[in-house]
Amino acid sequence: MGRITFNRVFLLMVLQIFLVATTTGDEKCESDRKMEEQCRLHNYKTVKPLLDYFRQVRNEIEQSETKEKQISELNSDLMEKYREIVRIHETFMKEAALLNEYKNKVNKGENDLQLCQNKVDKSESEINSKQNTILNLEEQLSDKSTNLENCQVQLKSFNSSLIEKDENIKALNSRLIEKDENIKRFSENIKNKTEHQKALELELEKSKSISIKNENDIQLCRSEINELNRTSENIREEQKKIQLKLKESETKLIDKEKDKSTNLENCQVQLKSLNSRLIERDENIKIFSENIKNNTEHQKKLELKFEKSKSTLIKQKKLIQLCRSEINELNRTLENNREEQKKIQLKLTESETKLIDKVKDNQLCQSELDKLTPTTCIPFGDYSGVHQLNVSGIGLFDVLCDSQLAGPGWIVIQERVGGNESFTRDWATYRKGFGSFQSDFFLGLEKLHRITSLQRLLYIHLVAENERTYNARYDDFKISDEDNGYALSLGKFNGTIVDSMRYNENMKFSTFDHDNDNADDDNCAIIYESGWWYNYCSTCNLNAPYEDLHWYNIEYIFIKEVKMLIRPKEEMKK
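Heads up: the sequence shown is residues -25 to -1, 1 to 549, going by mature numbering (1 follows the signal peptide of the UniProt record, and there is no 0).
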């Protein structure tokens, strides 16, 4: 890219040398406007030592890629710093609205200034005393600035307390939500445990019915056992009787064997039947004993289960009571928090209304204060130097007032006196302004747009290298807004030099990163290393590098000092 640009420049240089070689000094350019300007550019470029210039351009183009990267990085840093400054400025302008306590002092200062203005109109001899009054008012304003800082600190503390209260309210709300969720969980647990309790009660009822049935069975078994015991006793008694009868029979057997044999057989049969019945009864007794034992163990298990269910039921009742007490406590806390929230809301509403009232009062106070701050250099009279103006859309900023060069009330918007400041700047820097009031500076495109929204005079003071001075005056100098590229408007011309700046009228401002000129293949801001209202480049450039400052006056003259000044046109008429 750098080599292509260099080749173009080199071809252009060769073409111009060729034109110089084929054109006589007596030949004149055509009357056509474009050709006339090309001739002016041709004359200008042939005057300069072309070879040295293009060698320098070649060296700079070889380093252009690194420079472009560095410039883009610097541009981004500058844009970030500019945004930060804008934010700080906006914050300051908002905080400047907090001047409620000083409304009476400002009114007093306004009255004093009005008296001073009346006295100035009546007599010039009282100017010194009025200037002292203005100085006193400036001291009062500085005191008010200190008080304003205190107000800002108080406002910050008030805002922090409001933020803290908001956080407390949020914390309370989160706690309320958490407790509502706990209440829901407790309610679900209570519901589940109530259902479990009902199931346990049903099981307990079943256990009781089974226990009652088992007790009845045990009673029945016991009665049967008692009956069996009684039967066994009867059998034993009968057995004893039979044994006695056997003994009696044995004694009688000897005598009556035949009769007794039959009786003996009958007795033996009866005895066997009785023994079998006795064995059967014993087995039944064992079975009943086992049943009683099993029923007793089952009853013990049921009793243990019943005791466990009873203790669980007691615990659940206690837990339900505890949950109910916690729910009641949570409801009371919720009610208290709601009351506290209402109180805090009322306090916030009161604070907001008070703050709104303060803001309104401070805005009124600020508007009154703005009236006291000049918008031009006219009120400063013959006092040249740095003063502070208040311009709508920007606020307070410093300007350099000049009352020596062309009379009082002029604002210096651009100055070149020593070459200490580089004017190779990007769009953002030209928009903001740069330099020092003690040497070279440019006030800034945005400030120029705001200041020149009303009709302004432009006065340009030029000192050539031969110490000859020139001036140019325009009666309607205006700069458009940024959306329209800060386009230039001049008005009618009057001066001691050719109206070369007319060629730049209605052109948008151009920088190396915002090319708005009419040169299709070139960027004039890069060629001339400065921002300016370029057309097909320019016949005058007061922002060029210091050694190349020029103005076309039939021939190009090179400038060593430049000062551009503006002031209101109506004030000038008065």
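By construction, the Cβ of each residue, glycine as well, lies at the ideal position given by its N, Cα and C atoms.
Residue span of the beta strand (DSSP E) that contains residue i, given as start and end
{"i": "His525", "result": "His525 to Asn528"}
{"i": "Arg431", "result": "Arg431 to Ala439"}
{"i": "Tyr445", "result": "Thr444 to Tyr449"}
{"i": "Ile386", "result": "Trp385 to Arg391"}
{"i": "Asn469", "result": "Phe468 to Gly470"}
Rounded distance between the beta-carbons of residue j and residue i, thought under 8 Å
{"i": "Met482", "j": "Leu465", "result": "The Cβ separation is near 11 Å, so there is no contact."}
{"i": "Leu418", "j": "Gln389", "result": "7 Å"}
{"i": "Ser455", "j": "His424", "result": "7 Å"}
{"i": "Val361", "j": "Phe398", "result": "Not a contact, Cβ separation roughly 21 Å."}
{"i": "Cys515", "j": "Tyr503", "result": "The Cβ separation is near 11 Å, so there is no contact."}
{"i": "Asn493", "j": "Phe484", "result": "Not a contact, Cβ separation roughly 13 Å."}
{"i": "Lys422", "j": "Ile369", "result": "6 Å"}
{"i": "Gln50", "j": "Asp495", "result": "Per the sequence presented here, residue 50 reads as Asn, with Gln not at that position. Asn50 to Asp495, Cβ: 25 Å. No contact."}
{"i": "residue 630", "j": "Lys544", "result": "Residue 630 lies beyond the stretch modelled for the chain, which goes from -25 to 549, so this question has no answer here."}
Exposure of residue i, with buried meaning 16 or more beta-carbon neighbours within 10 Å
{"i": "Asp458", "result": "exposed"}
{"i": "Ser505", "result": "buried"}
{"i": "Lys318", "result": "exposed"}
{"i": "Ser251", "result": "exposed"}
{"i": "Arg542", "result": "buried"}
{"i": "Asp415", "result": "buried"}
{"i": "Asn518", "result": "buried"}
{"i": "Trp402", "result": "buried"}
{"i": "Val244", "result": "exposed"}
{"i": "Tyr531", "result": "buried"}
{"i": "Arg299", "result": "exposed"}
{"i": "Ala500", "result": "buried"}
{"i": "Leu524", "result": "buried"}
{"i": "Arg58", "result": "exposed"}
{"i": "Asp1", "result": "Legend: pLDDT at Asp1 = 42, less than 50; position of this residue unreliable, value from coordinates given subsequently. Asp1 is exposed by the Cβ-count criterion."}
{"i": "Asn191", "result": "exposed"}
{"i": "Lys145", "result": "exposed"}
{"i": "Lys166", "result": "exposed"}
{"i": "Arg62", "result": "exposed"}
{"i": "Asn303", "result": "exposed"}
Bridge-paired residues (DSSP) for residue i
{"i": "Tyr531", "result": "Tyr527"}
{"i": "Gly360", "result": "Cys376"}
{"i": "Lys453", "result": "Ser464"}
{"i": "Ser47", "result": "Looking at the DSSP assignment, Ser47 forms no beta bridge with any residue, so it has no partner."}
{"i": "Pro543", "result": "Arg431"}
{"i": "Gly410", "result": "Phe416"}
{"i": "Lys538", "result": "Glu390 and His436"}
{"i": "His489", "result": "Thr486"}
{"i": "Asn365", "result": "Leu371"}
{"i": "Trp507", "result": "Ser485"}
{"i": "Asn395", "result": "Its beta-bridge partners do not exist; DSSP assigns none."}
Alpha helix (DSSP H) segment containing residue i, residue limits
{"i": "His424", "result": "Leu420 to Ile426"}
{"i": "Cys376", "result": "Per DSSP, Cys376 belongs to no alpha helix (DSSP H); it is in the beta strand (DSSP E), Gly370 to Asp377."}
{"i": "Tyr405", "result": "Trp402 to Lys407"}
{"i": "Ile353", "result": "Neither: Ile353 is in no alpha helix (DSSP H) and is coded neither H nor E."}
{"i": "Cys499", "result": "Cys499 to Ile502"}
C-beta contact flag for residue i and residue j at 8 Å
{"i": "Leu463", "j": "Asn441", "result": "no"}
{"i": "Leu429", "j": "Leu540", "result": "no"}
{"i": "Thr471", "j": "Tyr405", "result": "no"}
{"i": "Leu420", "j": "Tyr461", "result": "yes"}
{"i": "Asp373", "j": "Ser359", "result": "no"}
{"i": "Ala447", "j": "Phe468", "result": "yes"}
{"i": "Val387", "j": "Leu375", "result": "yes"}
{"i": "Glu536", "j": "Val392", "result": "yes"}
{"i": "Asn510", "j": "Val473", "result": "no"}
{"i": "Ile353", "j": "Gly384", "result": "yes"}
{"i": "Thr351", "j": "Asn365", "result": "no"}
{"i": "Thr427", "j": "Phe409", "result": "no"}
Residue i: CB within 7 Å of a non-hydrogen atom of the ligand HEM
{"i": "Leu423", "result": "For the ligand HEM, the structure offers nothing, since it holds no ligand at all."}
Short CB-CB distance (under 8 Å) between residue i and chain B
{"i": "Gln413", "result": "Absence of chain B from the displayed structure is noted, only one protein chain being present."}
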